[in-house]
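Worksheet: one structure, shown below.
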Amino acid sequence: MRAGIKTVLALAASLAVAASGDAAGPAVGGYAGPITDAHAHLRLGADDGLLDNQPIGTVALREIDASAGVTRSALIVIARRGDMAATRRQNDAVIAAAKASGGHFYPVASVHPLDGAPALAELERLAKLGVREIKFHPNTQNFDVADPAVDTVVEKAGELGLVCLFDSYKPWDANEMGKFLLLSVKHPKSRLVLAHIGFSQFREAIAFAQIKKLNMGGNVWFDTSATVSAFAESPMAPELLWTMRQIGMDHFLFGSDWPVDTPAVAAAALRRLGLTPAEQRAVFHDNVQKLLGLPPEAG
Ligand SMILES: [Zn+2]
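Take 0 as the starting number for the sequence shown in numbering that gives the first Met the number 0 and just add one per residue.
What follows is the structure, given as structure tokens:
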């Protein structure tokens, strides 16, 4: 009997660890392979931190990745408007940081859509340098997704084979998901990633499942950052999982939004959401590798 009680207590303890989200390792029976974090921010200096305590450089993130089973990670920068020299310097810095990592990091460079022709020229330069993805942030960069300038950069990125990563939650623009829908339909050769699945507006993303029936919207992917962490333990968790499956689990990428969440916390939340091991493999690793054409990991 005592042994039986001990077993039960040990099981309860292990379940508690699994449920707490602090465990770095994979859940029992879940996906245990390599993880790519498709959404992590790089801080280069005193004035570009997402949080005051975000470490500068890649050393801290590299250590945090190792403890979370993340073998490859995006490094995102966000361009400011009106200073192309600074934009180019920032892009060169993120490219250099990725190069120095021996393949662990890949660069997600940025331009400001309202910087006009120089921004388009910078996209050309970035494509030649091997960059695969460009970050746009309608809130931080203060632009409207419906601005014609956004059409111009998205079309150009598509021509150059660059994937466009957009933040997709602007609480003061309730129509933003509709604007992304229109953007994807107007630029079918451009590939968009909508970070956070619209966050609390994730229900709106179901429209992308609907327009796929009309052979549109297949050029849109979503990253799980912020939203899966926020809702994995909520009454809306089954709806979030259902929405993702309706759109197609092959169009979702794991992301942490570091330094907002650590990769370990974000990965634990995704494991709790109820994806099958095959779906986890796709979201944690395979989808982003396919979308960006990333080479196999060094090991
Ligand atoms: Zn972010």
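A virtual CB, placed ideally from N, CA and C, is assigned to each residue, including glycine.
Worksheet item: Do three or more CB pairs link the stretch 130 to 145 to the stretch 96 to 112 at distances below 8 Å?
Response: yes
Practice prompt. Could you spell out the range, first to last residue, of the alpha helix (DSSP H) harbouring W220?
Written response: First-last for W220: 219 to 222, but that is the beta strand (DSSP E), not the alpha helix (DSSP H).
Worksheet item: Apart from the five residues on each side of it in sequence, which residues of its chain come closer than 7 Å, Cβ to Cβ, to D21?
Response: Confidence is the limiting factor: at D21 the pLDDT is only 39, short of 50, which leaves the residue's position unreliable, though a coordinate-based value still follows. Cβ neighbours of D21 beyond the five flanking positions: none.
Worksheet item: Does the stretch 271 to 280 come within contact of the stretch 77 to 84, defined as at least 3 CB pairs closer than 8 Å?
Response: With a cut-off of 8 Å on Cβ pairs, the stretch 271 to 280 is not in contact with the stretch 77 to 84, counting fewer than three such pairs.
Discussion item. Is P137 close to chain D? Criterion is C-beta to C-beta, closer than 9 Å.
Written reply: Absent here is chain D; the protein component of the structure consists of one chain.
Worksheet item: DSSP three-state call for T139: helix, strand or coil?
Response: Here T139 sits in coil by DSSP.
Worksheet entry | Backbone CA spacing between L122 and S109 [nearest angstrom] | 8 Å
Item to complete: Could you check if L233 is buried or exposed, using at least 16 other CB atoms within 10 Å of its CB as the buried criterion?
Response: The question names Leu, yet the displayed sequence has Ser at residue 233. So S233 ends up on the exposed side.
Worksheet item: Just reading off the beta strand (DSSP E) that R71 is part of, what are its end residues?
Response: 69 to 75
Worksheet entry | Own chain residues within Cβ distance below 7 Å of S189, not counting five before or after | For S189, same chain residues with a beta-carbon under 7 Å away, outside a window of 5 residues either side, are V153, E154, A156, G157, C163, N218 in chain order.
Worksheet item: What is the rounded straight-line gap between the Cα of Q200 and the Cα of I246?
Response: 15 Å
Fill in: Range covered by the beta strand (DSSP E) that runs through D166
Unbroken beta strand (DSSP E) run through D166: 162 to 166.
Worksheet entry | Euclidean distance between Cα positions of L43 and F198 | 27 Å
Worksheet item: What are the start and end residues of the beta strand (DSSP E) that includes A194?
Response: 191 to 194
Worksheet item: Between the stretch 248 to 267 and the stretch 62 to 71, are three or more C-beta pairs nearer than 8 Å?
Response: As far as the Cβ criterion goes, the stretch 248 to 267 touches the stretch 62 to 71, which means the pair count is three or higher.
Practice prompt. Whole angstroms is fine: what's the gap from A34's alpha carbon to M248's?
Written response: According to the sequence provided, residue 34 is Ile. The question's Ala does not apply to it. If you take the alpha carbons of I34 and M248, they lie about 16 Å apart.
Worksheet item: Straight-line CA distance for I330 to L161?
Response: Coverage of the chain is limited to positions 0 through 298, which leaves residue 330 absent and any answer about it impossible.
Item to complete: Would you mind reading off the limits of the alpha helix (DSSP H) that contains A39?
Response: It is not in any alpha helix (DSSP H) - A39 carries neither H nor E in the DSSP assignment.
Worksheet item: Can you tell me the Cα-Cα spacing of P294 and R71, whole angstroms?
Response: 11 Å
Fill in: Simplified DSSP state of V264, which is helix, strand or coil
If DSSP states are grouped into helix, strand and coil, V264 belongs with the helices.
Item to complete: Check whether the Cβ of S167 sits closer than 8 Å to any heavy atom of ligand 1, and report yes or no.
Response: no
Worksheet item: Between V192 and W220, which are expected to be in contact by the criterion C-beta below 8 Å, what is the C-beta distance as a whole number of angstroms?
Response: 5 Å
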